Structure formats: C-alpha cells, structure tokens
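Novice:
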Amino acid sequence: DGIEVTRQLREWTQIPIIILSVREAEQDKIAALDAGADDYLTKPFGTGELMARMRVALRRLASSPDEPVLQVDELQMDLSRRVVTMHGEEISLTPTEYDILRLLMQNAGKVITHHHLLRQVWGTAYESEMHILRVNISNLRRKIEPDAARPTYIHTEPGVGYRLRTDQGKEI
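In this text, residue positions in the sequence shown follow the numbering used here: the first is 584, and each later residue adds one.
(1) Following the continuous alpha helix (DSSP H) through G585, name the residue where it begins and the one where it ends.
(2) Could you spell out the range, first to last residue, of the alpha helix (DSSP H) harbouring V716?
(3) From L662, R685, T679 and R748, pick the residue whose C-alpha is nearest to that of R717; which is it?
(4) Could you check what DSSP says for S663 in three-state terms: helix, strand or coil?
(5) On the DSSP bridge list, what partners appear for R643?
(6) Quick check on L700: does DSSP put it in helix, strand or coil?
(7) Could you tell me the alpha carbon to alpha carbon distance between M713 and Y623, rounded to whole angstroms?
(8) Under the rule that 16 or more other beta-carbon atoms within 10 Å means buried, what is H670, buried or exposed?
(9) Would you call the stretch 622 to 639 and the stretch 652 to 668 touching, i.e. three or more CB-CB distances under 8 Å?
(10) To the nearest angstrom, how far is the alpha carbon of R590 from that of A732?
(11) Within 10 angstroms of its Cβ, does L701 collect 16 or more other Cβ (buried), or is it exposed?
(12) Only counting the same chain, and skipping five residues up and downstream in sequence, which positions put a Cβ closer than 6 Å to that of P599?
(13) Within the chosen definition, does the stretch 742 to 750 reach the stretch 660 to 669 through at least 3 CB pairs nearer than 8 Å?
And the structure:
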C-alpha cells in the first residue's frame, strides 16, 4: 500500500515523494498527503506534467535551509544526518524513537500531549494507541537516561503527555 510505504519512508528521510495513482477520490489524496507525500498525481498524466512536478519537488528540497543541530544539555541531535549523541557518543535509535525525541527536543521544556506525539509520529489512525507510545518512551529512556527508572530528561506529565526537561532535569 502506497500510504504505508510513504509513512515508512518519512520515518527516515525527507526526500520528495510524489504519489502516482489511478485513485481519484479526494479521501485517497488526503490520506497520501497526510502520510507525508509532497504531491499526488492521478493517472493518466503526461510526461511533461510529471517532469514539471518533479522539478518543483527538487526545487523545494534544494531551497530548504540546512537543518540545525538541536542540543539539550549533553544530548545532541543532528537533524540533517539523523544522528543523536550523548556526551559525544552516538546513540543508536530506531526511526520511531528518533522522531519522538526530535519532537521533544524541538519543544524542550514544553508538554507535548500523548495525542500530538501519536499523530505526528504514527498518524491519525494511531491516536488512541497509548501503549505504543509508552513502550517507545520506555525504550528511549533506557537509551538516553542515566537511570531510566528515575528519568531526568523525559518527564511524564500524568494524563497529559511528556516534557523534555533541560539543564539536567531542571525545567527551563
């Protein structure tokens, strides 16, 4: 299924994705775009139109600014290389763990709701799947926290979501 492939690609790359499909229904187009596609083209289409849309996608990619390096205390994330380090040592994360941590680091000090994390990382179909989020947060804590049982970075806000604390557990 093209939508699932698009979701999986978006877990590890921001390369332009153009969906080519015979499906003309608006809900199919919306689902593909919400899954991370940059454009949607229905068959039949001309080669010229496809080439023009590819040029637009490549222009957007070329004009997007270099992605920064995020840092919270000793935790560092290089967005362009998709590399996370703690105390200068690389940490191996799954694509899902990386996406969760990216959202938390981009919003350091702020509470990110369960629903927002689920929607951004897995899509709208998973908004009620709290267990998936809890398991991934637990795995992420084991990888970045000095003591996963007493987290200093990823703090749980009961019934609401999670907050990435800064300054070794002190809130900003």
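Every residue, glycine too, gets a C-beta built ideally from N, C-alpha and C.
Since the structure is predicted, the reported quantities are computational estimates derived from the model, not experimental observations.
Specialist: Taking the structure as given:
(1) The residue labelled residue 585 in the question sits at position 2 within the sequence shown. Taken as a continuous stretch (DSSP letters only), the alpha helix (DSSP H) holding G585 covers G585 to R593.
(2) Residue 716 sits at position 133 when you count from the first residue of the sequence shown. Note that residue 716 is Leu in the sequence shown here, rather than Val. Counting along the chain, the alpha helix (DSSP H) containing L716 begins and ends at M713 to I727.
(3) Counted from its first residue, the sequence shown places residue 717 at position 134. Checked all of L662, R685, T679 and R748; the closest Cα to R717 is T679.
(4) For this step, residue 663 is matched to residue 80 along the sequence shown. Coil.
(5) Mapped onto the sequence shown, residue 643 falls at position 60. Answer is none; R643 lacks a bridge partner.
(6) Reading the sequence shown from its first residue, position 117 is the one you call residue 700. Helix at L700.
(7) Residue numbering aside, residue 713 sits at position 130 when the sequence shown is read from its first letter. Residue numbering aside, residue 623 sits at position 40 when the sequence shown is read from its first letter. Taking the straight line joining both Cα atoms gives about 31 Å.
(8) On the sequence shown, residue 670 is found 87 positions in, with the first residue counted as 1. When all chains shown are included, H670 counts as exposed.
(9) no
(10) One-based indexing of the sequence shown puts residue 590 at position 7. One-based indexing of the sequence shown puts residue 732 at position 149. When rounded, the distance between both Cα atoms is 32 Å.
(11) Indexing the sequence shown from 1 puts residue 701 at position 118. Looking at its Cβ environment, which holds 16 or more other Cβ atoms inside 10 Å, L701 is buried.
(12) Taking the first residue of the sequence shown as 1, we reach residue 599 at position 16. Taken in chain order, the residues that qualify are D621, A640 and L644.
(13) no
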